[in-house]
Structure formats: structure tokens, C-alpha cells
Amino acid sequence: MEPKKTNQADITRKGNPRKPQGEEGAQMLLRMNDSHGAVTQWALGHLALAPDDHVLDIGCGGGATLARLSAKLPAGHLTGVDYSDVSVALSRQTNAADVASGKLEVLEASVEALPFGEDTFHKIVTVESFYFWPNPAENLKEVRRVLKPGGVFLLVADIYQKEGLPRETLENIARYQLLNPTPEEFEAMFRQAGFAESRIHTKEGTNWICVEGIK
75 MEPKKTNQAD ITRKGNPRKP QGEEGAQMLL RMNDSHGAVT QWALGHLALA
125 PDDHVLDIGC GGGATLARLS AKLPAGHLTG VDYSDVSVAL SRQTNAADVA
175 SGKLEVLEAS VEALPFGEDT FHKIVTVESF YFWPNPAENL KEVRRVLKPG
225 GVFLLVADIY QKEGLPRETL ENIARYQLLN PTPEEFEAMF RQAGFAESRI
275 HTKEGTNWIC VEGIK
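The sequence shown begins at 75 in this note's numbering and counts up by one.
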């Protein structure tokens with residue numbers, strides 16, 4: 075079992091979780107499509123979607139979240155953005171039928187400058203990407219800019235700062251320089267970014283968190 079564990083760690087290191095690259099990046103994203111499934115499904119349970127919503131996924135990775143959202147949006151439209159060309163290609167591949175039908179598009183772009191007008195999306199999500207954002211305070215303002223009034227931004231992560239995090243988790247936070255706020259710090263950041271309201275959800279027995287920001 076140990077060689078397999080070492081190999082996966084090596085793939086993650088070479089694949090670069092901050093900005094997936096190369097063959098190892100694609101392998102890592104395929105694994106994350108599966109490994110992030112449970113926390114994503116739990117978090118999406120807090121998001122009230124209308125059938126015809128326009129939804130943006132920031133840092134769409136391997137495209138699994140877009141696929142899960144598509145199943146909940148029979149008449150809606152989905153957009154994914156990622157600043158990794160490997161992620162963009164794999165998200166398009168994962169959602170090939172929706173791309174072909176025009177229901178979904180995936181663009182190469184950064185949360186620093188989203189290529190959309192103000193008040194574009196009913197809902198925005200980001201899964202396991204916030205801890206890599208380059209300037210969270212300003213990036214949250216950019217997310218709010220493209221969200222419609224009354225719209226919801228859902229931030230999803232499988233770690234947040236609290237007592238008792240496992241040593242391996244703490245080592246990964248240090249290794250990849252992950253931003254890892256407390257729930258109170260999340261609330262403060264959303265408030266400072268201009269969100270009218272924020273709601274924090276955590277799941278007992280896990281390190282999972284999702285934050286709803288309402289414009």
C-alpha cells in the first residue's frame with residue numbers, strides 16, 4: 075500500500091494543485107472529481123437552485139461539480155472558469171454533451187478578473203479552490219460584482235481552521251500554502267466584500283465547511 079500512497083503524493087506534487095499542469099495534473103483532477111464528491115454533494119444541498127438559473131463555477135477543475143449542477147438545472151445555463159488550461163480541457167471533456175448542446179461553456183479565466191458583466195449569474199459556486207485565491211478580499215468583491223442582486227455565492231471547502239486538525243492536514247496546509255480561515259474569519263471577509271448576508275454550514279464529524287454569501 076505504501077508505494078501507491080507515495081505515487082499519489084508525487085502525482086499531486088507534479089500536477090500542482092494550485093494550478094494543474096501536464097499529465098500529472100490531469101490525473102490529479104480525475105482523482106479529485108471522485109474524492110471531492112461527498113463534500114460537494116453535501117454543500118450543494120444548501121443551495122436552492124431554480125430550474126432555469128444561470129450558474130458559474132469558479133475553479134471548475136475536472137468538471138465534476140458542473141456535471142452535478144447540470145443534473146439539477148434542466149432549463150438553466152452553466153459556465154465554468156479556471157485559470158489552468160488542463161482544467162478547462164478536462165472540464166469540457168467531462169461535460170462534452172452539455173458543451174455540444176450549448177447548455178454549458180468553460181472558459182480559461184481567473185477569479186482576479188472574471189470576463190462577465192455585472193449582475194450576470196443567479197448562483198456562483200467554488201469548490202476546493204478558495205484557499206488558492208491570490209487576493210481573497212478583492213477576489214470576493216469580483217465574485218459579488220458578477221452575481222445578480224439577491225443571488226447566492228456558495229464557497230465549499232473540506233478544511234477550515236479549528237482545533238484538532240490532523241497532522242497530515244496541517245502539513246498539506248503548510249506545503250501548499252493554503253488559506254484556511256476560521257468560520258468567523260470567513261464571515262468577516264464576506265461582510266467586508268459587501269455581501270448583505272452570510273451563512274456558515276459545517277458538518278459534524280468532518281472538517282467540511284460551506285459559506286453562503288447573499289448579494
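Backbone N, C-alpha and C fix where the C-beta goes; we use that ideal spot for every residue, glycine too.
- [ ] Assign glutamate 186 to one of two classes, buried (16 or more other C-beta atoms within 10 Å of its C-beta) or exposed (fewer than that).
- [x] Its Cβ having fewer than 16 others within 10 Å, glutamate 186 is exposed.
- [ ] Below 8 Å on the Cβ atoms is my guess for leucine 118 versus threonine 153; work out the distance and round it to an integer in Å.
- [x] Your pair leucine 118 and threonine 153 does not check out as a contact, with CB atoms roughly 17 Å apart and the cut at 8 Å.
Open item on the list: Spatial neighbours of arginine 218 within its chain, please: C-beta separation below 8 Å, excluding the five flanking residues on both sides.
Closed with: Excluding residues up to 5 positions away in sequence, Phe227, Ala267, Gly268, Phe269, Gly287 and Lys289 lie with their Cβ nearer than 8 Å to the Cβ of arginine 218 in the same chain.
Task: For glutamate 202 and glycine 176, the rounded distance between their alpha carbons - done: Rounded to the nearest whole angstrom, the C-alpha separation of glycine 176 and glutamate 202 is 26 Å.
Open item on the list: Using C-beta distances below 6 Å, list every residue in its chain close to histidine 275, excluding the 5 sequence neighbours before and after it, in chain order.
Closed with: Taking C-beta separations shorter than 6 Å and ignoring five residues to either side along the sequence, the partners of histidine 275 in its chain run His120 and Cys284, following chain order.
Task: CA-to-CA distance, glutamate 182 to leucine 140, given in whole angstroms - done: The alpha-carbon of leucine 140 is positioned some 15 Å away from that of glutamate 182.
Task: Backbone secondary structure at serine 272 - three-state DSSP - done: Three-state result, serine 272: strand.
- [ ] Inspect the beta-carbon positions of asparagine 281 and tyrosine 234 and report whether they are closer than 9 Å.
- [x] It is a contact, given that the beta carbons lie within the stated cut-off.
Task: Inside the segment 126 to 193 only - beta strand (DSSP E) runs reaching at least 3 residues - done: As far as the segment 126 to 193 is concerned, its whole beta strand (DSSP E) runs of at least 3 residues are 128 to 132, 151 to 156 and 178 to 182.
Open item on the list: Beta-carbon within less than 8 Å of leucine 253's beta-carbon, same chain only, minus the 5 sequence neighbours each way: which residues are those?
Closed with: Non-local beta-carbon contacts of leucine 253 in its own chain, meaning distances under 8 Å to residues more than five positions away in sequence, involve Phe204, Tyr205, Phe206, Trp207 and Pro210 in chain order.
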